[in-house]
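Chemist:
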Amino acid sequence: MRQRKQRELKLAIDSSTFFILNPVKIKRENIYGYKETHVVDEYNRECVAAYVNDDNSELLPMGGLKSMYFDTHDEFVDLSFNRTLDPNVFSSSFDVTNYIRNTNELSLLTSEISSAYKLVGIDIERFAETVGNKIYAFDFRYTTGKKSETAYILCEEKSVFMLVGSSAYYSPVEFENKAVFDEAGSAPVQEDDIDFAMF
Amino acid sequence: MRRITIANENFRDATVCFERKTEQTTRNLGLYKSQRFIKQTVHTQESFLLKKFGNDKIKLANAIVESNPEIDFENIGRKVQGLHKVFLTQDAVPSYNSRIEESICGVDGKEIERRAKKEFHATVNDVSFPIKWTGLLIKQKEAARKYVFSRIYQLHHVNGLTFDFLFDMARKLGDSESIMYVAGGESGTEPIVLQDGGKPYRGFLYGWTEKKRYVLLLLLSELELKEITEAEVSV
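Chains A and B are the protein sequences, given in the same order. According to the numbering used here, the first sequence holds residues 49 to 247 in order. According to the numbering used here, the second sequence holds residues 2 to 236 in order.
1) Give the C-beta separation of D255(A) and I68(A) to the nearest angstrom, bearing in mind that I take them to be a contact with Cβ-Cβ under 8 Å.
2) Excluding the 5 residues flanking L167(A) on each side, which residues of the same chain have their C-beta closer than 6 Å to its C-beta?
3) Specify, as a first and last residue, the run of the beta strand (DSSP E) that Y202(B) falls within.
4) Find out if the Cβ-Cβ distance for the pair M116(A), F38(B) is shorter than 9 Å.
5) Assign I113(B) to buried or exposed, taking buried as 16 or more other Cβ atoms, counted over all protein chains shown, within 10 Å of its Cβ.
6) To the nearest angstrom, how far is the alpha carbon of A227(A) from that of L217(B)?
7) If the cut is a Cβ gap below 7 Å, which residues of chain B does D8(A) touch?
8) Keeping to the same chain, check which residues put their C-beta closer than 8 Å to that of F124(A); ignore five residues upstream and five downstream.
9) One question on the structure: do R172(B) and T210(B) come within less than 9 Å of each other, judged by their Cβ atoms?
10) Out of curiosity, what's the CA-to-CA distance linking R115(B) and E160(A)?
11) Given a threshold of 16 other Cβ atoms within 10 Å of its Cβ, counted over all protein chains shown, does F150(B) qualify as buried or as exposed?
12) Between L51(B) and I72(B), what straight-line distance do the alpha-carbon atoms span, to the nearest angstrom?
13) Give me the chain A residues within the contact set of H158(B), using Cβ-Cβ distance strictly less than 9 Å, ordered along the chain.
14) Which class does F19(B) belong to by DSSP, given the choice of helix, strand or coil?
15) Cβ of K194(A) within 9 Å of Cβ of V137(A)?
16) Closer than 8 Å, Cβ to Cβ, to anything on chain A: give me those residues from the region 133-146 of chain B, in chain order.
17) Give the range of the beta strand (DSSP E) segment to which L108(A) is assigned.
18) Check whether the Cβ atoms of I61(A) and Y147(A) sit closer than 9 Å, and answer yes or no.
19) Do you know how far the Cα of F88(B) is from the Cα of E231(B)?
20) Can you pull the chain B neighbours of E160(A), defined as C-beta to C-beta under 8 Å?
21) Is V149(B) helix, strand or coil by DSSP?
22) Do you know offhand how far R27(A)'s Cα is from K142(B)'s?
23) In three-state DSSP terms, what is D171(A)?
24) Under 9 Å Cβ-Cβ, which residues of chain B neighbour N150(A)?
25) Starting from V66(B), trace the alpha helix (DSSP H) in both directions and tell me its first and last residue.
26) Residues of chain A with a CB under 8 Å from the CB of K58(B): which are they?
27) Alpha carbons only, please: which of S139(A), Y218(A), R189(A) is nearest the one belonging to E197(A)?
28) I want to see whether chain A comes within less than 9 Å of F166(B), judged by CB atoms only; does it?
29) Grab the span of the beta strand (DSSP E) containing G136(B) for me, first residue to last.
30) In angstroms, rounded to a whole number, what distance separates the CA positions of Q41(B) and L84(B)?
31) Quick one: which chain B residues come within Cβ less than 7 Å of P109(A)?
32) May I ask you to list the residues that DSSP assigns as paired with V183(B)?
33) Judging by CA-CA distance, which residue of K58(A), N152(A), S163(A), Y165(A) is the nearest neighbour of A145(B)?
34) Less than 8 Å between the CB atoms is what I'm expecting for L224(B) and L206(B), so what's the real figure, rounded?
35) Are F130(B) and G198(B) touching if we call contact CB-CB under 9 Å?
36) Name the residue from D230(A), A185(A), C203(A) whose alpha carbon lies nearest to the alpha carbon of S141(A).
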């Protein structure tokens, strides 16, 4: 069986450094259970999703497509190769010391949280005491790359959580900033809150 | 912008606009353009080929060496333009008479119930049953430590009357340093569903004012930090 890679988060606050081994991702299905969607035919046999190509009428399975990238001269570009040469790529937060800064509820409540972790480890009690009622934050990259999110650290009932997300770009609204409704009958904006579990 | 019908604590309702306020996760390719190609067809999948060769792996292996049935030379590498989703039966032909079911599974992964899929209908733009204040105020400090907010939408006025309406809501919430639990549907306790077939969320209004400006945000959550214990978290 393949061994799970050990990942350690090094968090520095003032003059202390804390080591958090393998933050535990909190999954909704582990707390509330989950729903699975199935498509069945008239004989109650499970169906599988596939695609039909517009100009081909060939049936394509899920995973039967490959995306490739081309430059302006229609030459193939290997983006993964470019990425390794890019000097602006930043290390994963698991490979560096993360200096955490004090933040507030406003910052957390105006961020869309994409993942939540429970922090565990031998340092955790000492770390929980240090965090106390405050909220801390740092720039978080799960893997090496350019884009970072913000990780918020907070305590709730002696447990320490790390919530990772991105700030919302809200702006105060004045009287002059009247909004306009979408045209009646226009297609609703498709967002990722559709239940696509079956696909 | 999209419509939301919302009522204040005095049950006065209005239809206003709302939009999501986060960075869209589209990938910026710069000068590059992407194109999709066919990598495999249904008729070259291992499961289909195994059936074709009577579930005899040796026969299939010999055929792969001799005649490459796993490669569709006609189609592999062709550009894909538009795609349509279909459901295939176990015989790998499109199903024309399928139905959608859902199974409810517990935290241990075991199926508890199987039933026809229950679709949630949008509750945000129902003029008969606006999104209501439930009266449950939660201090901002407590809310930040209790819920995980995965979606944020900002509410906007559409005319002078709705400016006053939303400004007043934002001022009350700001003064109380709290967020208000809101709910929809006929009973006024149903979850917030943004579109038909969408996910149900718990909704909260968060707002404040700055001189003659206001910020009113609809925070959506489907996870509570408080309910998590060591045993419930999988490693």
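Backbone N, C-alpha and C fix where the C-beta goes; we use that ideal spot for every residue, glycine too. Because the structure is a prediction, the values reported are computed rather than measured.
Modeler: The structure says:
1) Given a span of 49 to 247 for chain A in the structure shown, any question on residue 255(A) remains unanswerable.
2) Correct list, in chain order: I68, P71, V208, M210.
3) DSSP places Y202(B) in the uninterrupted beta strand (DSSP E) bounded by 201-211.
4) Taking 9 Å as the Cβ cut-off, M116(A) and F38(B) qualify as a contacting pair.
5) Exposed, because fewer than 16 other Cβ atoms sit within 10 Å of the Cβ of I113(B).
6) Straight across, the Cα-Cα distance linking A227(A) with L217(B) is about 14 Å.
7) Coverage of chain A is limited to positions 49 through 247, which leaves residue 8(A) absent and any answer about it impossible.
8) If we look at F124(A) and ignore the five residues flanking it on each side, its Cβ neighbours are M116, Y117, F118.
9) Cβ distance < 9 Å, so R172(B) and T210(B) count as in contact.
10) Their backbone Cα atoms lie some 33 Å apart in a straight line.
11) Classification for F150(B): buried.
12) Cα to Cα, L51(B) sits roughly 14 Å from I72(B).
13) Within 9 Å Cβ-Cβ: V221, F223, N225, K226, A227.
14) The answer is strand: DSSP assigns F19(B) an E or B state.
15) Yes, these two residues count as a Cβ contact at 9 Å.
16) Here the close residues are Q141, K142, A144, A145, R146.
17) Residues 107-109.
18) A contact, by the Cβ cut-off of 9 Å.
19) Caution is warranted here: a pLDDT of 48 is assigned to E231(B), below 50, making its placement in the model unreliable, and the coordinate value is therefore given only provisionally. Answer to the nearest angstrom: the Cα atoms are 40 Å apart.
20) Result: T23, F150, S151, R152, I153.
21) Per DSSP, reduced to three states, the secondary structure at V149(B) is strand.
22) The requested residue 27(A) does not occur in the structure, where chain A is confined to residues 49 to 247.
23) In this structure, D171(A) counts as coil in the three-state DSSP scheme.
24) Close partners of N150(A) in chain B (Cβ separation under 9 Å) are lacking, with about 14 Å as the shortest Cβ gap.
25) Annotation for V66(B): the continuous alpha helix (DSSP H) segment containing it runs 58-68.
26) The CB of K58(B) never comes closer than 8 Å to any CB in chain A; the least such distance is about 20 Å.
27) From the listed residues S139(A), Y218(A), R189(A), the smallest Cα separation to E197(A) is found for R189(A).
28) By this cut-off, F166(B) is not an interface position.
29) Element bounds for G136(B): 133-140.
30) Straight-line Cα distance between these residues: approximately 14 Å.
31) Result: Q41, V43, Q46.
32) Answer by DSSP bridge pairing, in chain order: W134(B), G204(B).
33) The shortest Cα separation from A145(B) among K58(A), N152(A), S163(A), Y165(A) belongs to N152(A).
34) Contact flag wrong, Cβ pair sits at about 19 Å.
35) The answer is no: Cβ separation not under 9 Å.
36) Of the candidates D230(A), A185(A), C203(A), the one whose C-alpha sits nearest the C-alpha of S141(A) is A185(A).
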